[in-house]
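Okay, so here's the structure we're looking at.
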Amino acid sequence: MELSIISSFEAEIEGEGASVVPGKVFVDACRSLPSGESEVTIEQTSGSRMVSLSCGSASYRLNVSTTEDFPRLPEMTSEGVFKVNREAFLETAGRVARAASRDESRPVLTGILVQFEKGSAASTRKLTMAATDSYRLAVRETELAGDTPELEAIVPARAIAELARIPATGSELELAIHDNHAIFSLGDTTLSTRRIDGQFPNHRQLLPEAFEHTVKLARLEFLDVVRRVAVMAQRTSPIRLHFDAGLMTVSAQTQDVGEASETLPVAFSGVPIEIGFNAEFLREGIESVIGDEIELNLINPIRPGLLRAEGDSFWYLIMPIRLAG
Amino acid sequence: MPSTGRRTFAGKIARLLSTVIAHLDLDAFFAACEVLDHPEYAGKPLVVSGDPHGRGVVMTASYEARPFGIRSAMSAAEAFRRCPDALFVRPDIESYRRRSRAVWEWIRKRMSCVEQVGIDEGYIELKTPYAEPARTILADLQQGLLRETRLSASIGCGGSKTVAKIASDYRKPGGLTVVPPEQSAAFLAPLELRALPGIGPRLEARLAELKLRTIGDLAALTDEELRRALPGVVGSELRDRARGIDGRPVDPSPQMPVSQGAEETFPRDLSTLAEMEAWLDRLAESVWTRLIAHDLCARRVTAKIRYFDFQTLTRSQTMGEPFASAEELAAAAKSLLRRAMGEREAAVRLLGVYASKLCERGKEAQIRLPL
Chain A
33 MELSIISSFE AEIEGEGASV VPGKVFVDAC RSLPSGESEV TIEQTSGSRM VSLSCGSASY
93 RLNVSTTEDF PRLPEMTSEG VFKVNREAFL ETAGRVARAA SRDESRPVLT GILVQFEKGS
153 AASTRKLTMA ATDSYRLAVR ETELAGDTPE LEAIVPARAI AELARIPATG SELELAIHDN
213 HAIFSLGDTT LSTRRIDGQF PNHRQLLPEA FEHTVKLARL EFLDVVRRVA VMAQRTSPIR
273 LHFDAGLMTV SAQTQDVGEA SETLPVAFSG VPIEIGFNAE FLREGIESVI GDEIELNLIN
333 PIRPGLLRAE GDSFWYLIMP IRLAG
Chain B
53 MPSTGRRTFA GKIARLLSTV IAHLDLDAFF AACEVLDHPE YAGKPLVVSG DPHGRGVVMT
113 ASYEARPFGI RSAMSAAEAF RRCPDALFVR PDIESYRRRS RAVWEWIRKR MSCVEQVGID
173 EGYIELKTPY AEPARTILAD LQQGLLRETR LSASIGCGGS KTVAKIASDY RKPGGLTVVP
233 PEQSAAFLAP LELRALPGIG PRLEARLAEL KLRTIGDLAA LTDEELRRAL PGVVGSELRD
293 RARGIDGRPV DPSPQMPVSQ GAEETFPRDL STLAEMEAWL DRLAESVWTR LIAHDLCARR
353 VTAKIRYFDF QTLTRSQTMG EPFASAEELA AAAKSLLRRA MGEREAAVRL LGVYASKLCE
413 RGKEAQIRLP L
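Structure (structure tokens):
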């Protein structure tokens, strides 16, 4: 089973039963129910192959499938369940998720590595999440209070995205990591997802130990410049960052379209360098760093660059585009 | 609809008859660029090659170096043995590319139908069906090019690509050889077989055993004799070319090639891995030069191995990012060769290196994490 969600809510029920309704049609019907009404009635008489849905003047009858054919969904049991802070977990996931790959040819890269390790104090745990599509790598570490087992799993990025869409209830998220699947429970909703098999790349090894240049920039200003210049970085054209004494010039050029260029004062000294990046990857990196000031660390035009902020346990490694000529 | 067929056929004949194609070949191009970049090299035997003390291969020898018997594709070590006093310089591909681009841009401004087929050669279709106006046009082009770029070119002109190419090689450097289309067969007939593109030393030797020495000898074969001498499609294609028949048009907007490759059938079978690897180095270098000339880079390499008994293996590998150098391409080809030798270790008569999954240089050079 790739992904399943079970949710429950209170209702006035006359007699027990189950119906299997066609998902998309049912959701579309529910969404279009009259907005002024506060009650909806769902009815299926025993032996009938139709379910009726009525709300004010609206009334639907839907064909149903047999309940026997519906797969058994994994449910949360007490086994291996532990609790984490919901907000911290989803914030950690949200900051790395965009770096996950959408290319199914390497399944491991479509997942997010979720790792619970010992924290800095006896009473804390360190939650690390990492995602990479091989062009960039995002890593976030969060210190959590409480006692969680030490474990790791690769969870499909899509499942984490679904989890983030479940309406917030309460401050805690329950989870259990089993051999083949992971289960998350938020209030009355349970989401289960298969785990991705395989070895996630060693993210710690991928982060260079030292950089040649560290440039500090006002994050929002840098983001605005990149967004403006990126308009001219179409198709596969790179966005170029040129560093010279005290200045950074951000430029992009697409043949038959046009070009853009902007210069910002920066504290840079040494031999001028120019490095190219995919504009979208660069923009997403600047967006996922939190803080007023952002650090851009560089080695040379063909080695990875690193975006981060002081005091934030988040690293966004981005591979350059080799510039022609 | 038989009439349609007849019309198309008639159209084809009419086009064949009226087509005059020129082949322009820059003389000792890499060496000529070196002399322009370093005027002190002028008048000296100059060899553009890889390391003459390693496994380098000769890319171009200047005309002063040729009397020593130094030729393209020879190992640089052999060239050094033949003329230790020659200047051996490493290729500066970027400079050659820049000059090549200037040459072809200049030509395209003057001629409407140009097909560049390499860094230093290309075909031009002329709008006149007659030889003499063509001669005047081409002489102007040749002199203009020399004036403008200080690069000398040899030009051949004829009724087909084959004739044009052979004619451009007829008198070098600086030659202009115009073969009126009706004289194609007569022009080709006395030439040695190896002048015909597609005939290498090994095939030439095989045909010599059948007493075939000139292009005319091949052209004169009957269908039955041809079947015995050269079975398969290749035979009839080569005989057509020997007769001056070649319907390939000049294509001014060639699609991006799917692959670039080079292969070599050896005069004698190779039996040691060291010999095979040395050849893969040369072949990879030649493929690399061609990729650069087309402004391309490649992410996939294929090694082709034909054993002495004609069993043929191909082994390929795709990389995350494009190959960065001829050495990287060669290293990947050699590791494929070693894999193939692990499956079957035997003497080989042919080796080939092909680069594919091509992309334009610079545009698709997104580097990946080493995952």
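Going line by line, the protein sequences match chains A and B. Residue numbers for the first sequence follow the numbering used here, so the first one is 33 and each next one is one higher. Residue numbers for the second sequence follow the numbering used here, so the first one is 53 and each next one is one higher. Note that the Cβ used here is the ideal one computed from N, Cα and C, for glycine as well.
**OP:** Could you please give the first and the last residue of the uninterrupted beta strand (DSSP E) stretch that includes I334(A)?
**Re:** No beta strand (DSSP E) contains I334(A), which DSSP labels as neither H nor E.
Subject >> 7 Å Cβ shell around T188(B) - same chain, five flanking residues per side excluded >> reply: none
**OP:** Determine the direct distance from the alpha carbon of E319(A) to that of V53(A), and round the result to whole angstroms.
**Re:** 41 Å
Original post:
On the three-state DSSP scale, how would you describe P297(A)?
Top reply: strand
Subject >> First and last residue of the uninterrupted alpha helix (DSSP H) at L332(B) >> reply: 325 to 345
Original post:
Excluding sequence positions up to five away, which residues of its chain have a Cβ less than 8 Å from the Cβ of I419(B)?
Top reply: E373
Original post:
Going by the beta-carbon positions, is the gap between A392(B) and I344(B) smaller than 9 Å?
Top reply: no
Subject >> Neighbour-count burial assignment, K213(B), 16 or more Cβ in a 10 Å radius >> reply: buried
**OP:** Could you tell me whether the region 396 to 403 of chain B touches the region 316 to 331 of chain B, using the rule of 3 or more Cβ pairs below 8 Å?
**Re:** yes
Subject >> Chain-ordered residues of the region 224 to 244 of chain A with a beta carbon less than 9 Å from chain B >> reply: P233, L238
**OP:** Take the Cβ of D256(A) as the centre, count every other Cβ of all protein chains shown within 10 Å, and call the residue buried at 16 or more, exposed below.
**Re:** exposed
Subject >> 6 Å CB neighbourhood of E342(A) in its chain, flanking five on each side removed >> reply: none
Original post:
S166(A) versus chain B: which residues are under 8 Å apart at the beta carbon?
Top reply: G372, R420, L421, L423
**OP:** Determine the DSSP secondary structure at R320(B), reduced to helix, strand or coil.
**Re:** strand
Original post:
In chain B, which residues lie with their C-beta within 7 Å of the C-beta of P352(A)?
Top reply: I419
**OP:** Enumerate in chain order the residues of its own chain whose CB-to-CB distance from S408(B) is below 7 Å, with the five nearest sequence positions on each side excluded.
**Re:** V310, S311, A350, R352, T354
Subject >> Same chain, Cβ closer than 7 Å to P143(B), five either side skipped, listed in chain order >> reply: F82, V100, M111
**OP:** For G102(B), count neighbouring C-beta atoms within 10 Å of its own C-beta (all shown protein chains included) and say buried if the count is 16 or more, exposed if not.
**Re:** buried
Original post:
What residues from the region 326 to 348 of chain A come within 9 Å of chain B, judged by C-beta to C-beta, listed N to C?
Top reply: I334, R335, P336
**OP:** Below 6 Å CB to CB, which residues in the same chain sit around T160(A) once its five sequence neighbours on both sides are set aside?
**Re:** Q147, E173
Subject >> L169(A) at chain B interface by Cβ criterion, 9 Å >> reply: yes
Subject >> Residues bridged to P188(A) [DSSP beta-bridge criterion] >> reply: G143(A)
Original post:
Residue range of the beta strand (DSSP E) that F121(A) falls in?
Top reply: From DSSP, F121(A) is part of no beta strand (DSSP E) but of the alpha helix (DSSP H) over 118 to 128.
Original post:
What residues in its chain sit with their C-beta under 7 Å from that of E416(B), if we drop five residues either side in the sequence?
Top reply: Bear in mind that a pLDDT of 48 at E416(B), under 50, signals an unreliable position, so the number given afterwards is only what the model happens to contain. Cβ neighbours of E416(B) beyond the five flanking positions: none.
Original post:
If you measure from the beta carbon of T222(A) to each beta carbon in chain B, is any gap under 9 Å?
Top reply: no
Original post:
Do the region 203 to 221 of chain B and the region 287 to 305 of chain B meet, that is, are 3 or more Cβ pairs less than 8 Å apart?
Top reply: yes
Subject >> Nearest neighbour of R227(A), chosen from H210(A), L239(A), L238(A), P233(A) [CA to CA] >> reply: H210(A)
Subject >> T222(A) versus E42(A) - alpha carbon distance >> reply: 16 Å
**OP:** Evaluate Y425(B) with the Cβ neighbour count: other Cβ atoms within 10 Å of its Cβ, from every protein chain shown; 16 or more gives buried, anything less gives exposed.
**Re:** In the structure as shown, chain B begins at 53 and stops at 423. Residue 425(B) is therefore absent and cannot be evaluated.
Original post:
Taking the C-alpha atoms as reference points, what is the distance between L239(A) and L421(B)?
Top reply: 10 Å
Original post:
When burial is assigned at 16 or more other CB atoms within 10 Å of the CB, is S127(B) buried or exposed?
Top reply: buried
Original post:
In whole angstroms, what separates the C-alpha of L183(A) from that of E149(A)?
Top reply: 7 Å
Original post:
Taking only runs of the alpha helix (DSSP H) that begin and end inside the region 220 to 294 of chain A, which ones reach a length of at least 4 residues, in chain order?
Top reply: 235 to 238, 251 to 262
Subject >> Close Cβ partners of E86(B) (< 7 Å) along its chain, the five nearest in sequence each way excluded >> reply: Y93, L98, V100, V141
Original post:
How is the beta strand (DSSP E) around R351(B) delimited, first residue to last?
Top reply: 348 to 359
Subject >> Burial state of M328(B), where buried means 16 or more other Cβ atoms lie within 10 Å >> reply: buried
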